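Just so you know, the protein sequences line up as chains A and B, in that order. In terms of the working numbering, the first sequence is residues 33 to 199. In terms of the working numbering, the second sequence is residues 201 to 367. For each residue, glycine too, the CB sits at the ideal point set by N, CA and C. Nothing here was measured: the structure is a model prediction, and the numbers come from that model.
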Amino acid sequence: MMEASKAYHPLPQPEELTNKEKDDAMGGYLMMFAALAVGLPLPIINLIASIVYYYTNKTNSRFVRFHTYQAMISQLPLTLLNAICVAWALRIFVATSWYITPEFTGYAMMLAVANLVYIIFGIISAIKASKGRMYYYWIFGRMAYEKVFTIRPEIVPQPATNQPPRI
Amino acid sequence: MFIMLFCNLWATILAFISWWIILFTGRYPQTFFDYQVKMLRWSIRLNARIYNLVDGYPAFMPSGSDDLTQLEVTYPESLSRGTLLLRAFFGWLYILIPHGFILYFRTLWGLVLNFVAWWAILFTGRYPESMHVFQVETLRWGTRVSLYSKNMTDNYPPFNGREYGRE
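Structural data, given as structure tokens:
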């Protein structure tokens, strides 16, 4: 069975957005520096900050919701990879007194590149958002767009009916 | 105080991110600014109760309101980036040393007065007016220093706690 074609809300244009909306959208991406602000090298802090920021801005305009949602979900894989690195490093420290294996070195280097790429894309998207522009990440951009801009049919509450007990 | 700790942690993250936003755009994001003002209001209404300056129990959360204490801060449309950098690198020299030094001794004296006032309230039911004024001015002075050091205004705080227009 073919899925009925989806309808989407129109995209807001830069001149229709207020400075407050643009700033709020930009803030979502900058949550990737939250761990730096707190001074703890725990990658989960960035994700928690992104989640808190998304939920505090959830009732804001679609433009803000799109950017904060995209910033939040795009942090998930990197946070997971960073958390693995922290756990691995702790294991090396506890079990082998800092005998660093080549596998760990390779993983850490790959992760450093991934973090750098994420920071670069984060800054680009923060600048775009501050100018009132849309910016779509690979995979996550589509997901965020679907989540925020899809027009959903209104759920009409059904009148409650009393039923006899189930046997 | 426990809830305030987490809210202050969030305020620290927002302040850190705001610093970078001001550096690049020259503007404090309004949502972040409003949150910081609410946190200051919460801190003032809590301190006012701790010092017995007003009766009643302070409302919880940044969104709480209070009829007995008030703080109005004008949102700055633009902030100086030069002042921002000056504060970051030399703030300790021209904010912390002069204001911090005086406020430290003022707070110590405030604690002594608070002890004396506690007995005065117990026996007379009134807070001695001159002591009350002193405590309020200390709070006001500290709040102005906070506003300046948190980059929420470019106006250097005066060396007194009197109301603007009554200096």
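Rounded to the nearest angstrom, the Cβ distance from residue 82 of chain A to residue 53 of chain A is 18 Å, too far for a contact under 8 Å.
Rounded to the nearest whole angstrom, the C-alpha separation of residue 324 of chain B and residue 330 of chain B is 15 Å. Below the 7 Å Cβ cutoff, chain B contributes 230, 231 as neighbours of residue 52 of chain A, in chain order.
For the segment 201–217 of chain B, the set of positions with a beta-carbon nearer than 9 Å to some beta-carbon of chain A reads 209, 210, 212, 213, 214, 215, 216, 217 in chain order. In the DSSP assignment, residue 40 of chain A is bridged to A/182. For residue 84 of chain A, the nearest beta carbon of chain B is closer than 8 Å to its own beta carbon.
Counting only runs of 4 or more residues that sit fully inside the segment 208–274 of chain B, the alpha helix (DSSP H) segments are 230–250, in chain order. Check the Cα spacing between residue 211 of chain B and each of B/202, B/232, B/225: the tightest is with B/232. Taking C-beta atoms as the reference points, residue 328 of chain B and residue 344 of chain B fail to come closer than 8 Å. For residue 56 of chain A, the enclosing alpha helix (DSSP H) begins and ends at 51–62.
For the segment 329–357 of chain B, no residue has a beta-carbon sitting nearer than 7 Å to a beta-carbon of chain A.
When the beta-carbon positions are compared, residue 222 of chain B and residue 279 of chain B come within less than 8 Å of each other. Between the alpha carbons of residue 318 of chain B and residue 261 of chain B lies a distance of about 27 Å. Residue 66 of chain A has a beta carbon lying within less than 8 Å of a beta carbon in chain B.
At a C-beta separation below 7 Å, residue 81 of chain A has these neighbours in chain B: 213.
DSSP, read as helix, strand or coil, puts residue 359 of chain B in coil. Within chain B, the residues whose beta carbon sits less than 9 Å from that of residue 162 of chain A are 221, 224, 225, listed in sequence order. With its beta carbon less than 8 Å from one in chain B, residue 62 of chain A belongs to the interface.
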